[in-house]
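These notes are about the structure you will find just below.
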Amino acid sequence: MTIDSQRLLSAYDCLARTTGHMLSAAQSGAWDKLIDLERHCADLVARMSALETEEPLPEDLRQHKATMIRKVLADDAAIRNITEPWLHQLGTMLSCNGQERRLLHAYGPPREN
195 MTIDSQRLLS AYDCLARTTG HMLSAAQSGA WDKLIDLERH CADLVARMSA LETEEPLPED
255 LRQHKATMIR KVLADDAAIR NITEPWLHQL GTMLSCNGQE RRLLHAYGPP REN
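Under this note's numbering, the first residue of the sequence shown carries the number 195, and numbering increases by one thereafter.
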(Lines of atoms letter the chains of each structure in order from A; the text may use other names.)
(Lines give C-alpha, C1' and ligand atoms only; values in the text may rest on other atoms or scores of the structure.)
Protein backbone atom coordinates (compact mmCIF):
# COMPACT_ATOMS: atom_id res chain seq x y z
CA MET A 195 0.00 0.00 0.00
CA THR A 196 1.36 3.40 -0.95
CA ILE A 197 1.59 6.32 1.44
CA ASP A 198 -1.14 8.09 -0.58
CA SER A 199 -3.43 5.06 -0.19
CA GLN A 200 -2.78 5.06 3.55
CA ARG A 201 -3.57 8.76 3.79
CA LEU A 202 -6.72 8.35 1.72
CA LEU A 203 -8.05 5.46 3.81
CA SER A 204 -7.13 7.30 6.99
CA ALA A 205 -9.13 10.28 5.73
CA TYR A 206 -12.13 8.03 4.97
CA ASP A 207 -11.90 6.57 8.48
CA CYS A 208 -11.78 10.08 9.94
CA LEU A 209 -14.75 11.12 7.80
CA ALA A 210 -16.77 8.12 8.99
CA ARG A 211 -15.95 8.94 12.63
CA THR A 212 -16.88 12.58 12.05
CA THR A 213 -20.26 11.73 10.52
CA GLY A 214 -20.86 9.45 13.51
CA HIS A 215 -20.19 12.41 15.82
CA MET A 216 -22.46 14.54 13.65
CA LEU A 217 -25.25 12.00 14.06
CA SER A 218 -24.79 12.01 17.84
CA ALA A 219 -24.90 15.82 17.86
CA ALA A 220 -28.10 15.83 15.79
CA GLN A 221 -29.71 13.20 18.02
CA SER A 222 -28.97 15.29 21.12
CA GLY A 223 -29.99 18.59 19.50
CA ALA A 224 -26.47 20.03 19.77
CA TRP A 225 -26.89 22.20 16.68
CA ASP A 226 -23.77 24.35 17.18
CA LYS A 227 -21.64 21.23 17.51
CA LEU A 228 -23.29 19.77 14.41
CA ILE A 229 -22.43 22.91 12.43
CA ASP A 230 -18.80 22.79 13.60
CA LEU A 231 -18.58 19.13 12.64
CA GLU A 232 -20.10 19.87 9.23
CA ARG A 233 -17.30 22.38 8.61
CA HIS A 234 -14.72 19.81 9.66
CA CYS A 235 -16.38 17.28 7.38
CA ALA A 236 -16.18 19.69 4.42
CA ASP A 237 -12.47 20.21 5.09
CA LEU A 238 -11.92 16.45 5.16
CA VAL A 239 -13.74 15.96 1.87
CA ALA A 240 -11.64 18.69 0.24
CA ARG A 241 -8.45 17.01 1.45
CA MET A 242 -9.69 13.61 0.33
CA SER A 243 -10.38 14.77 -3.21
CA ALA A 244 -6.75 15.87 -3.43
CA LEU A 245 -5.65 12.40 -2.27
CA GLU A 246 -7.74 10.43 -4.78
CA THR A 247 -5.62 8.86 -7.50
CA GLU A 248 -6.18 7.05 -10.76
CA GLU A 249 -4.30 4.09 -9.33
CA PRO A 250 -6.77 1.36 -8.30
CA LEU A 251 -6.71 0.21 -4.71
CA PRO A 252 -6.15 -3.44 -3.84
CA GLU A 253 -9.41 -5.34 -3.28
CA ASP A 254 -9.25 -5.36 0.53
CA LEU A 255 -8.64 -1.60 0.66
CA ARG A 256 -11.33 -0.97 -1.92
CA GLN A 257 -13.77 -2.95 0.24
CA HIS A 258 -12.74 -0.95 3.31
CA LYS A 259 -13.24 2.31 1.42
CA ALA A 260 -16.68 1.14 0.25
CA THR A 261 -17.63 0.24 3.83
CA MET A 262 -16.63 3.71 5.03
CA ILE A 263 -18.60 5.35 2.22
CA ARG A 264 -21.71 3.32 3.10
CA LYS A 265 -21.38 4.36 6.76
CA VAL A 266 -21.02 8.03 5.81
CA LEU A 267 -24.11 7.80 3.58
CA ALA A 268 -26.12 6.03 6.29
CA ASP A 269 -25.11 8.65 8.87
CA ASP A 270 -26.02 11.42 6.42
CA ALA A 271 -29.47 9.92 5.84
CA ALA A 272 -30.07 9.59 9.59
CA ILE A 273 -28.95 13.19 10.16
CA ARG A 274 -31.33 14.39 7.45
CA ASN A 275 -34.19 12.45 9.07
CA ILE A 276 -33.53 14.42 12.25
CA THR A 277 -32.76 17.85 10.82
CA GLU A 278 -35.26 18.17 7.96
CA PRO A 279 -38.39 18.11 10.17
CA TRP A 280 -36.71 20.56 12.54
CA LEU A 281 -35.80 22.88 9.64
CA HIS A 282 -39.37 22.67 8.33
CA GLN A 283 -40.72 23.57 11.78
CA LEU A 284 -38.25 26.46 12.03
CA GLY A 285 -39.31 27.70 8.59
CA THR A 286 -42.96 27.59 9.64
CA MET A 287 -42.20 29.56 12.81
CA LEU A 288 -40.27 32.18 10.86
CA SER A 289 -43.06 32.43 8.31
CA CYS A 290 -45.63 32.99 11.06
CA ASN A 291 -43.42 35.69 12.60
CA GLY A 292 -43.19 37.40 9.22
CA GLN A 293 -46.97 37.33 8.80
CA GLU A 294 -47.41 38.72 12.30
CA ARG A 295 -45.03 41.59 11.55
CA ARG A 296 -46.87 42.41 8.31
CA LEU A 297 -50.21 42.45 10.16
CA LEU A 298 -48.82 44.68 12.91
CA HIS A 299 -47.39 47.02 10.32
CA ALA A 300 -50.66 47.13 8.37
CA TYR A 301 -53.10 47.37 11.29
CA GLY A 302 -51.03 48.40 14.29
CA PRO A 303 -50.86 46.65 17.65
CA PRO A 304 -54.08 45.22 19.09
CA ARG A 305 -56.05 47.58 21.31
CA GLU A 306 -56.91 46.62 24.83
CA ASN A 307 -60.60 46.93 25.81
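Glycine is no exception: its CB is placed at the ideal position from the N, C-alpha and C atoms.
The three-state reading of DSSP puts G214 in helix, counting H, G and I together.
Residue burial is scored here from C-beta neighbours: A205 has at least 16 other C-beta atoms within 10 angstroms and is therefore classed as buried.
Below 8 Å, too few C-beta pairs join the region 221 to 239 and the region 247 to 263 to call them touching: fewer than three.
Ranked by Cα distance from H215, the first of P279, E278, L281 and A268 is A268. Rounded to whole angstroms, the separation of the alpha carbons of R256 and R233 is 26 Å. Taking all protein chains in view, the Cβ of T247 is surrounded by fewer than 16 other Cβ atoms within 10 Å, so the residue is classified as exposed.
Nearest to R201 by alpha-carbon distance, out of A244, L217, R264 and A300, is A244.
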